[in-house]
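What follows is a set of notes on a single structure, which appears directly below.
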Amino acid sequence: MSRLSKKSPSVCTDLPLDNTDICEKLYLLKQILRSCFGPTGRLKQVHNNIGGHVVTTSASSVLLSSVSSSQPFINLIKTSILNHVSRFSDCGLFAAILCLSLIEQVKKSALRESVAIRVNKHSLALCTSYLQREDCDCRVKLDFCSSQNLITLARSIISSKPACVLTEPETLYISKLAVQAFLLTVPCSSPGVVSLGRIVTVPVEGHSVLSSAVLPGLLVEMPDGLSKGESLPNPLSVVVFSASLAGDLSELGNGVIEVHPGVDTDSQILGQLLELGRQVVNNEVKLFVCQKVIHPVLQQYLRSHGVIVVERLGIALMEPLSQLTGAQPVATLHTTIPSKAYGNVRDLSIRRFGSKTMLHLLPLRESVICTMILCHRNQTMLNELKVVCQVTEHVLRLTLREPFALLGGGCTETHLAAYVRHKSKNDVPEAALLLGCSQTEYLLGVELFCRALESTAGALEHDGGNSLIDLTHAHHWTLPADSIKETNDSLGFCGCGLVESSPSSKWTYLNTKYAEFCPSPLFRDTPVQPRVLDSFTAKLSALQVAIETANLALDIKYIIQDMN
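Here the sequence shown is numbered in our numbering, starting from 3 and rising by one per residue.
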């Protein structure tokens, strides 16, 4: 008992946003995330102080997961953003930067937190209702009859991750591959409930990005003992096992095993495995796949009868293989294999990608399973490219539910800021009365909300340039650092690429006072297409998560931390 340590009392922190240490950490986190934002964002190398694996990234999912903090207030914000990313994959940096900017704007002002929370909710409602309107000028309808907007959306996501280190042709090539792979997972002629397929990614290090490819069907590791010139009947019958066929007693399940004296358990189990092999051979199976290990004797027996054996498939490929072949994984070796458990493949071939030799399985009928071969020059770039392609796949899937995209390049943020300012100026007395605050407090709260949106748009600039907003359409523009003044030649197109500068255009710097105005609508029949698009579903969710998380942070009065 004398060696037991005394229980430490919990630590209570009141008014955490008045705590200097917490505010400094919030500011530092915001600066780290801002510097990663957009196509020209700076990379971050993350590693712990005792060594270990070094992560190079600018992706929020990787960065926030790698950064740890002992401060519960920081972890609350981080967890909220990561939860959004786990559900929608994209717009994590946008959500985090907007959330932290809004907290900072409110703390710098004299506005009461309770009033700021109510005004933020009101402003968020204005944004969400506007974004869901048919006449919203920062929303683009996606036409699935053309792949152009889908490629633009994919390209915007891929180009926003500089750690992939892609040239312009490589970015466009991977974007087209991502869209091609996505379309292959959408069934063409499936009545009733539609079930989407899967994209299986096979990374190949040390080869050009332009060597990447998308193949219908599934690629698995090349099994031993298969000759390249071997001819096989078509189609091929397939059986898949999820249970281990290694013959270990531990694989028979939990519980007590009773063994009679003199019984050789190894030969008993081996006999059962060979009986299973005879059943498979009699049923003319030509492809035998196991998620785990197969006993060498069973492998030899199957191969001697012309059966292709694939072991150690892994759990990740079990579901796509079942979808491709129609086979139902067999979970035990103690019963006869039911006829409905067998599947088929139309054909198989051997393919080589770099140092990898793979077995290519082709489906008997239309299949929604495809394989993306991702190549890159080194492991770090390849890891980041794999992450961003998975994000792109998820975002493209979200378009099936809501076939829209939002203008990128900061134009949606500046447009929303101008819209909220204009809308709020027209209903000041009613809104202030509804929210239970003075008109001055209401207008200040709206201004802080709009400044946070504009600050998030300005975070896209990392090379010393200035961010501007045009006073016609309220789109975001960047004035390069080497330009003396905003001329038509220096500004070119806005951030999303939809608006071109003209002699009559007027701009003002972001986060400066300017007269409120109603953003003019763009002509719907314009032949110009946006060059940068963001996911509608992901960004709308990110906007809501950012404001709700900021409101939660502003509402916290005490943090009680158990120190034991």
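Using N, Cα and C, we set each Cβ at its ideal position, and we do this for glycine too.
Could you tell me how far apart the beta carbons of I317 and K288 are, in whole angstroms, since I believe they sit closer than 8 Å?
I317 to K288, Cβ: 24 Å. No contact.
Sequence ranges, alpha helix (DSSP H) only - wholly within the region 165 to 228, length at least 4:
170 to 186
In chain order, what are the residue ranges of uninterrupted beta strand (DSSP E) at least 3 long that sit wholly in the region 448 to 514?
Counting only runs of 3 or more, we get 468 to 472, 478 to 481, 509 to 511.
Can I105 be considered in contact with the ligand SAM, in the sense that its beta carbon sits closer than 7 Å to one or more heavy atoms?
The ligand SAM is not part of the structure shown, which contains no ligands of any sort.
Those runs of the beta strand (DSSP E) which lie wholly inside the region 307 to 355 and span at least 3 residues:
310 to 312, 345 to 347, 349 to 355
Quick check on this structure: which residue in S440, T510, G466 has the alpha carbon closest to the alpha carbon of T474?
For T474, the closest C-alpha among the options S440, T510, G466 is that of T510.
Would you identify the three-state DSSP class for R89, choosing helix, strand or coil?
helix
Buried versus exposed call for P600 [16 or more other C-beta atoms within 10 Å across all chains shown]
One cannot answer for residue 600 here, as it falls past the ends of the chain, which runs 3 to 566.
Burial state of C391 (16 or more Cβ within 10 Å):
buried
List in chain order: all unbroken alpha helix (DSSP H) runs of 4+ residues lying wholly within the region 102 to 151.
115 to 133
Mind checking who H362 pairs with in its DSSP beta bridge?
L221, S351
Applying the criterion that 16 or more other CB atoms from any shown protein chain within 10 Å of the CB defines a buried residue, is S62 buried or exposed?
buried
Cutoff 6 Å; reference L217; Cβ partners in own chain excluding five residues on either side
Hits under 6 Å: T373.
To the nearest angstrom, how far is the alpha carbon of S88 from that of F75?
Their Cα atoms are separated by approximately 20 Å.
Could you tell me which residues DSSP pairs with H378 in its beta bridges?
E207
Roughly how many angstroms lie between the CA atoms of P11 and E115, to the nearest whole one?
30 Å
Runs of alpha helix (DSSP H) lying entirely within the region 393 to 444, each at least 4 residues, in chain order:
413 to 427, 430 to 437
Quick check on DSSP: helix, strand or coil for N385?
N385 sits in a helix when the DSSP states are folded into three classes.
Go ahead and pull the three-state DSSP assignment for F39.
Here F39 sits in coil by DSSP.
Should V299 be labelled buried (16 or more other beta-carbon atoms within 10 Å of its own) or exposed?
Label assigned to V299: exposed.
Compute the Euclidean distance between the alpha carbons of G411 and H362, then round it to the nearest angstrom.
Distance between the alpha carbons of G411 and H362 is about 40 Å.
Where H336 falls, given that 16 or more other Cβ within 10 Å makes a residue buried:
exposed
Bridge partner(s) assigned by DSSP for Y560:
Beta-bridge pairing links Y560 to D16.
Is it the case that the region 447 to 463 contacts the region 89 to 102, given that we only count it when at least three CB pairs across the two stretches are under 8 Å?
yes
Would you mind sorting T480 into buried or exposed? The rule is 16 or more other CB atoms within 10 Å of its CB.
buried
With DSSP collapsed to three states, give me the class of S68.
Three-state result, S68: helix.
How long is the line joining the alpha carbons of Y132 and V206, rounded to whole angstroms?
Distance from the CA atom of Y132 to the CA atom of V206, rounded to whole angstroms, is 45 Å.
What distance in whole Å lies between the Cβ atoms of K508 and D472, which are believed to be in contact at a cut-off of 8 Å?
7 Å
How would you label A433, buried or exposed, when you count the other beta carbons within 10 angstroms and need 16 or more for buried?
buried
Excluding the five sequence neighbours on either side, which residues of its own chain have a C-beta within less than 6 Å of the C-beta of L304, listed in chain order?
G279, F290, V311
Any idea if C498 is buried or exposed, counting beta-carbon neighbours within 10 angstroms, 16 or more meaning buried?
buried
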